[in-house]
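Data block below; observations after.
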Amino acid sequence: MLLTGRLMEETANFESAAIIKQYKEVISFNTEWEACHFYLAKYFDKVMMAMTESESNRQSTLLTHIIFHFGRSLQFGCQFIYQSLHRMLTLWLDFSSPTNFNHGGTNAESRVIRECLMQLKGIMLDHARKLPAYQFLTAFSQLTSRICHPQPDIWVVLRTIILKVFQQYTQQAMWLLLAVSMSSHKLREERCQDVFLKAQHHDNRLTKLIRDLKDLNRQLLLMTNKQMSAHTLSMSRDFGTLKHLVESSSFSPVLIPLQRCMTPSLPSSPGSHLDHDPFPRHLVYIQGFKDLVEVMNSMQKPKKFTLLGSDGSCYAIMCKPRDDLRKDFRMMEFNMLINKFLRKNAETKRRGLGIHMYAAIPLNQECGLIEWVPNTTSLRCIIGDLHTEKGECTSTVM
C-alpha cells in the first residue's frame, strides 16, 4: 500500500487528495511504521512548497501536519532521520521567525499564524518528550545555532530539547556548547548559561564538571593564542597552569573530544529503540598530557599536543587560532552523510570507500580543537591536485 502511494505521487496522475488518502490508509493499518509517516510528511511538504503566498492559511494547516508526521516517523525509527529531523526543525524554527509577524498581512492572517504557533508548540513539546535524546544530538549544532530565537515560546521548547540532550549526554553536549558560552553575542552567552543553570538545578553534581570544563576551555584558548617563536614547546614549562589543572586529583573526568566519542551511532533496525546506547564503544577521558608541544609551520601556527587517555592510549590534538572551526564542524556533518551514502551502495561498500573524519570542536568564534588523524591527506589537497593534473587554475576554486 505504501508503494502504491509513492507510485501515485511519482506518476503525477492523481490529485493531491487521493495521494494523501492513500498514505493515511497505510498509517491506519500500521500506525507505528516510520516510513508511512515519513512519506506522508514529505508529500505534505511538497504540496506546501508548491502553494502561493495567497494560500498562507492552508500552508499553516499543512505545516502542523508535516511537523507532526515527521516527529511521528522519528518515534518509530531512524532510517530517515537525516531528512526528517533536520527538515522538521527548519520548518518549525523558520515559520516562527519574526518575518511571519511583520509581513504586513491582515489581522485574520496574523491570527491564523499565532494559532498555528500555539499548535506547533504543543506538537514540538510532545516530540521533545517522546523522542530519544540521541536523535536530537545528531542535530545539536542546528539547535544551538538558533539559540537566540526571538519568540519566547519557541525558546522554551528549544531550551527543553537542548536541556534534554545536555542531561543525558553531558560530556558531548558540553564540548559543543563551549563556543556558545564564550560567544561575544550577549544573548547567546546568556541563554547558554540559562541551560547550564537549569541542568545544575536538576543535578547539582554537574556544577563541578561545568566549572572545570569552562576553566579547561579558558586555558586551551590561552594556549592556542599564545605566540611563541620556538618550533617545540614544553607543556610543563610553557603551559603549566593547563597541565596542573587537568592533572589535579580534583579535576572532573572530561571526555577527550574524538570523532568516535562525539558522534552518536544510530539503531540499524526499525523500532523506537528508547534504550539504545549511541556510544557503545568505551569512552576515553583525559588523564594528562605528554610534555612535547609542536608548533606547526602553517600560517596560523597551530600547536599540536598529545593527551593521555584513560584507556592508556595517546591522542594527538591540534589547537588552531584565527580560524572559525564551526565551518569544519559543519563540513564533518556533510562528510558523515557522504559516508552514509557510500555505505549504502554495494560497490562503494565493497571497495571500502569513505572519507576519514575528525572531530572539530570550536572553543570560541575564532579558535578550536582538531583531532589529529595521521596518514591522511586533506580534501583540499586532493581536489587541488586533481585540478593541477587537468591544468586548471585553482585560485578561485580553493
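Be aware that the sequence shown starts at 23, since it is given in this note's numbering, and climbs by one per residue. Yeah, the Cβ is synthetic: ideal placement off N, Cα and C, and Gly gets one too.
With 16 other Cβ atoms within 10 Å as the buried cut-off, status of residue i
i	result
SER270	exposed
THR246	buried
GLY334	exposed
GLN249	exposed
GLU32	exposed
THR166	buried
ALA252	exposed
PHE158	buried
ILE339	buried
GLU75	exposed
HIS304	exposed
PHE3	With the chain running from 23 to 420 in the structure shown, residue 3 is simply not present.
HIS91	buried
GLY262	exposed
SER272	exposed
THR410	exposed
PHE102	buried
PRO172	exposed
LEU243	buried
MET318	exposed
ALA39	exposed
ILE232	buried
PRO275	exposed
ALA63	buried
SER5	Nothing can be reported for residue 5, as the shown portion of the chain is limited to 23 through 420.
Check whether residue i and residue j have beta carbons under 8 Å apart
i	j	result
ALA155	TYR191	yes
PRO292	PHE98	yes
LEU84	LEU113	no
PRO324	LYS342	yes
SER82	CYS170	no
PHE356	ALA382	no
HIS59	SER118	no
SER206	GLN387	yes
PHE311	LYS265	yes
ASP175	LYS143	yes
PHE301	PRO289	no
LEU238	VAL217	no
ILE88	MET73	no
MET379	GLN281	yes
LEU228	LEU200	no
MET284	GLN194	yes
ILE41	MET30	yes
LEU185	LYS220	yes
MET146	VAL187	no
VAL306	ASP260	no
GLY390	LEU347	yes
GLY27	TYR61	yes
CB contact check: residue i to chain D, cutoff 8 Å
i	result
LEU159	Protein chain content of the structure displayed is limited to a single chain, and chain D is not contained in it.
Terminal residues of the beta strand (DSSP E) in which residue i lies
i	result
LYS326	325–331
CYS336	336–342
ILE377	Counting along the chain, ILE377 falls outside any beta strand (DSSP E), and DSSP gives it neither H nor E.
VAL317	314–317
SER256	254–256
Boundaries of the alpha helix (DSSP H) in which residue i is found, first to last residue
i	result
PHE60	56–71
ASN129	129–152
ASN361	347–366
ALA40	38–51
PHE158	155–159
THR263	262–269
Three-state secondary structure assigned by DSSP to residue i
i	result
GLU411	helix
PHE90	helix
GLN101	coil
LEU305	coil
MET420	Interpretation of MET420 is limited by its pLDDT of 47, a score under 50 that renders its predicted location unreliable; no figure is taken from the coordinates.
ILE278	coil
GLU393	strand
PHE311	strand
MET23	coil
HIS298	coil
Check your understanding: In the region 162–228, which residue ranges form an unbroken alpha helix (DSSP H) of at least 4 residues, counting only runs that do not cross its ends?
Key -> 162–167, 174–190, 192–203, 208–224
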